[in-house]
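Okay, so here's the structure we're looking at.
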Amino acid sequence: MLSRVRRLLERMYREGRLYSMTCNDESDPDTDLDTLMLAIFPSPGYLDQAVFEHYIGPGERKMVYHSVREAYTKPDPSHRADLKTAVMAAAETASSVSNDKAGLEAVFGSEKLQAASSNYRKIYNRLYLDVSDDIENRITTDYNLDSRETFVGGWASFENKHIHLESTVVTDPLKPESKVTILHEASHLASKSILDDGGYYGSPGFEAATKETKIDNAAHYEELPRRRWGISRYNDKTFTPGISGSGKPLTTEEQIRVGGIEYYRCSWDAAADFDDLIKQARRDELNGTGLDAGTLARILEVSPLMDLTLHEQTVSPLNITKLDITTSESIVRAIGLAPIQIITLAKTKIMPTGRFRSKDKEIAAGINLAVDAAMAAYGGMLGDAKRDRKLIDWLHDHYQKVFV
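Using my numbering, the first residue of the sequence shown is number -15, and each one after it goes up by one.
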């Protein structure tokens, strides 16, 4: 217990997210972890819950374990009118850019122009026909702010024609960035093939993606609307497969950095899915609903990997603790923050040595180095580099396979 709590606090301390005993409004950079641990564990085997919650809980935010039901809720009636206006604006912009032949060709290429145009029209239809007239039932949000904590702007269900949005999008939907998020999630409703596998907007190599990647990547459908709304990073540029923003082909080093970031993106996505899973399980627990066998098995599988408590519990049914929820959320943050290091890692940290039978094998070896180097530069998660990598790899291998 002591070690897992300390590792959680170390991750939060690294981000300046621990709070002193006298300050509820600002992070205290001088908080001493040894002193903090003595306050949380005043005697052997005893965790002072009030002290623990004080240090990890910002004053302006109800932590998810205090307001877990608010992690998935309908938009407040006071927000629905502006939200509908924003949904309609996103729909109308999608319809407009579907006819922008020059823009479509610049982003998606001439071969995919018609397919991209068709997808924009589908985005319009989903927003206009399915979402705008049923905001109450087609959109959910998280008024407890946990999506912001885990860097999840939103998600969408193609089968249910449903969008989940970060609360800041719901409370301030008319700003361009909010409309972009709405349109991005709506692209997942337009076609089951449109995912996030080509990276998020502005990530390294974004403008150099292949035409096959772009047509099925939600973030690429942001570009033309962003140009209309004045928030594009690539205004008037033509996206050419394999060519970076400098106008030159991606180097091996650049491809390794892109691949490392993409590896982490898949791991982060799976970590965010598990975070959703365990929070839903906690909601079910609060509502008196037992866990189904598949969910229980998955949680017990992940618990030792993430340093949760569930695999060590002897009670039945299991109790999803506040520490479990907070740790899960912290892991998502760590895996979301670590790949930022890849952008600035020294070339010597990511370029493999020796001879390789192919360029692909050299890049794969470099990605492997980049994943480890990025986590080391971030500061680690679990106090052991091998455990960190085991968790990252498990999550990567379970990308879009967490829910059972």
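Glycine is no exception: its CB is placed at the ideal position from the N, C-alpha and C atoms.
Reduced DSSP secondary structure (H/G/I, E/B, other) of residue i
| i | result |
| --- | --- |
| T328 | coil |
| Y247 | helix |
| N201 | strand |
| H380 | helix |
| I304 | coil |
| Y184 | coil |
| S27 | strand |
| T337 | coil |
| G364 | coil |
| T77 | helix |
| P225 | coil |
| I178 | coil |
| A140 | strand |
| T124 | strand |
| T57 | strand |
| P323 | helix |
| L292 | coil |
| L234 | coil |
| L113 | helix |
CA-to-CA distance, residue j to residue i, given in whole angstroms
| i | j | result |
| --- | --- | --- |
| M290 | K85 | 48 Å |
| H380 | A255 | 9 Å |
| G226 | W252 | 25 Å |
| I327 | S187 | 10 Å |
| E238 | S62 | 47 Å |
| E(-1) | I324 | 14 Å |
| T152 | A90 | 32 Å |
| H148 | T337 | 45 Å |
| I389 | Y(-3) | What the structure shows of the chain is the stretch from -15 to 388, and residue 389 is not part of that stretch, so it cannot be assessed. |
| G182 | S(-13) | 37 Å |
| E150 | L17 | 32 Å |
| S230 | E191 | 10 Å |
| E196 | F135 | 27 Å |
| V115 | A203 | 20 Å |
| E285 | H295 | 8 Å |
| N109 | D257 | 28 Å |
| D200 | N303 | 40 Å |
| L329 | R1 | 25 Å |
| D377 | G367 | 16 Å |
| D117 | M72 | 10 Å |
| L97 | R339 | 41 Å |
| T77 | F223 | 20 Å |
| R282 | V(-11) | 22 Å |
| L390 | Q384 | Outside the shown range of the chain, which is -15 to 388, sits residue 390, and nothing can be said about it. |
| P28 | I40 | 21 Å |
| E(-6) | H38 | 15 Å |
Residue environment, residue i, which counts as buried when at least 16 other CB atoms sit within 10 Å
| i | result |
| --- | --- |
| N121 | exposed |
| R217 | exposed |
| R341 | exposed |
| E206 | buried |
| D220 | exposed |
| G320 | buried |
| S314 | buried |
| D344 | exposed |
| L22 | exposed |
| R211 | buried |
| T165 | buried |
| E95 | exposed |
| A322 | buried |
| Y30 | exposed |
| A34 | exposed |
| L375 | buried |
| T6 | Residue placement at T6 is flagged as unreliable, the pLDDT there being 39, under the threshold of 50; a coordinate-derived value is accordingly withheld. |
| V388 | exposed |
Residue i versus the options, residue with shortest Cα-Cα distance
| i | options | result |
| --- | --- | --- |
| D259 | V386, V164, S151 | V386 |
| A358 | D372, K145, E76, A99 | D372 |
| E169 | I199, D156, G137, K198 | G137 |
| P157 | R317, H38, I40, R64 | R64 |
| A75 | G320, I283, P209 | P209 |
| I347 | R241, L270, S300, H382 | R241 |
| T155 | G189, E133, A34, Y127 | Y127 |
| S79 | I376, Y112, A318 | Y112 |
| A174 | H38, V81, A100, K232 | A100 |
| T124 | E95, G87, P59 | P59 |
| H146 | L167, T77, I283, V299 | L167 |
| L129 | T57, V299, E269 | T57 |
| L270 | P288, P301, Q297 | P301 |
Residue i Cβ short of 6 Å to the ligand NAD heavy atom set
| i | result |
| --- | --- |
| T194 | Among the ligands in the structure shown, none appear at all, so the ligand NAD cannot be discussed. |
Short CB-CB distance (under 7 Å) between residue i and chain C
| i | result |
| --- | --- |
| V286 | Protein chains in the displayed structure number just one, and chain C is not present. |
Touching or not, the segment 299 to 313 and the segment 263 to 273, by the rule of three or more beta carbon pairs under 8 Å? Yes, the segment 299 to 313 is in contact with the segment 263 to 273.
Does the pairing of the segment 241 to 249 with the segment 348 to 363 give three or more beta-carbon distances under 8 Å? yes
Would you be able to state if there are at least three C-beta pairs under 8 Å between the segment 88 to 106 and the segment 140 to 158? In this structure the segment 140 to 158 does not lie against the segment 88 to 106, because fewer than three pairs of beta carbons, one per stretch, are closer than 8 Å.
Is the segment 358 to 374 close to the segment 273 to 286, with three or more CB pairs under 8 Å? no
Segment contact flag, the segment 208 to 216 with the segment 153 to 163, C-beta cutoff 8 Å, min 3 pairs: yes
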